[in-house]
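Working notes, structure below.
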C-alpha cells in the first residue's frame, strides 16, 4: 500500500552471503539507507538482487543509498570494494567528488579518505566516471586516481590486485565470486 500510495519503486533485496571474522551473520538482510562498516580483519560479501556482488575489505564503509530495480547507488566514503555487476542496469558508486557507473562488468574502488584520493580500476568492461563540479566525464578502460580536491583532478595509475597488502583480499574475492557469481 505504501509503495502504491507514494509511487515508490520496488527495492532489490540485499543479503550478506559470505564473511570473515564478522559479527554480521551470513544470511543477514540489509536495507536501503543502511551503512555497512568493516573492522580490522573483517570482510563481507553482499548480494544485491540476483546480479550484483559487492566485496568489502577490512576497514571500509559503504552506504546502501538507493536499491531500486532501475537505480542502484552505493555511497563509498572509505576503504576498498570490488563490484561485479551481471546486469545492464549500472551500479553507481559515489564518493565526495566522483560518480562512477559499473555496467555489466567488474571494478575495484579504493578510497583513501585521509589522502583525499580515490582509485577507480575497471577489471572487466569499462567504468564511466563523472567528476563532480566539472564537465569531465570519462569512460575508463584503465585505472585512474582522482584527487578529491576542488576542482578534482585525475591521472592514470597502475593497479595490480595480486601484489601488495591487498593481495589476500583479492584472493578471497576471486574465490567467493567464483562460488557465488559468474563472470559478466
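Residue numbers (our numbering): 155 to 338.
Yeah, the Cβ is synthetic: ideal placement off N, Cα and C, and Gly gets one too.
query                                                                                                    : result
Nearest residue (CA-CA) to residue 284, options 169, 247, 221, 225                                       : 247
Through-space distance from residue 199 to residue 329, alpha-carbon basis                               : 11 Å
Inter-residue CB distance, residue 267 and residue 234 (contact presumed, cutoff 8 Å)                    : Going by Cβ atoms, the distance from residue 267 to residue 234 rounds to 11 Å, so no, they are not a contact pair.
For residue 255, the three-state DSSP class (helix, strand or coil)                                      : strand
Cα-Cα separation, residue 156 to residue 311                                                             : Its pLDDT being 47, under 50, residue 156 is placed unreliably in this model, and the value from its coordinates should be taken loosely. Those two C-alpha atoms are separated by around 47 Å.
Residue burial classification, residue 185 (beta-carbon count within 10 angstroms, cutoff 16)            : exposed
Distance between residue 275 and residue 294 (C-alpha atoms, nearest Å)                                  : 8 Å
Residue environment, residue 244, which counts as buried when at least 16 other CB atoms sit within 10 Å : buried
Residues near residue 281 in its chain [Cβ-Cβ closer than 7 Å; skip 5 each side]                         : 254, 255, 256, 261, 274, 294
Where the beta strand (DSSP E) containing residue 342 begins and where it ends                           : The first residue shown for the chain is 155 and the last is 338, placing residue 342 beyond what the model contains.
C-alpha gap between residue 189 and residue 171, whole angstroms                                         : 17 Å
Residue 321 versus residue 230 - alpha carbon distance                                                   : 21 Å
Residue 174 in three-state terms, based on DSSP                                                          : strand
Buried or exposed by the 16-neighbour rule on C-beta atoms within 10 Å, applied to residue 314           : exposed
Residue 227 vs residue 219 beta-carbon contact at 8 Å                                                    : yes
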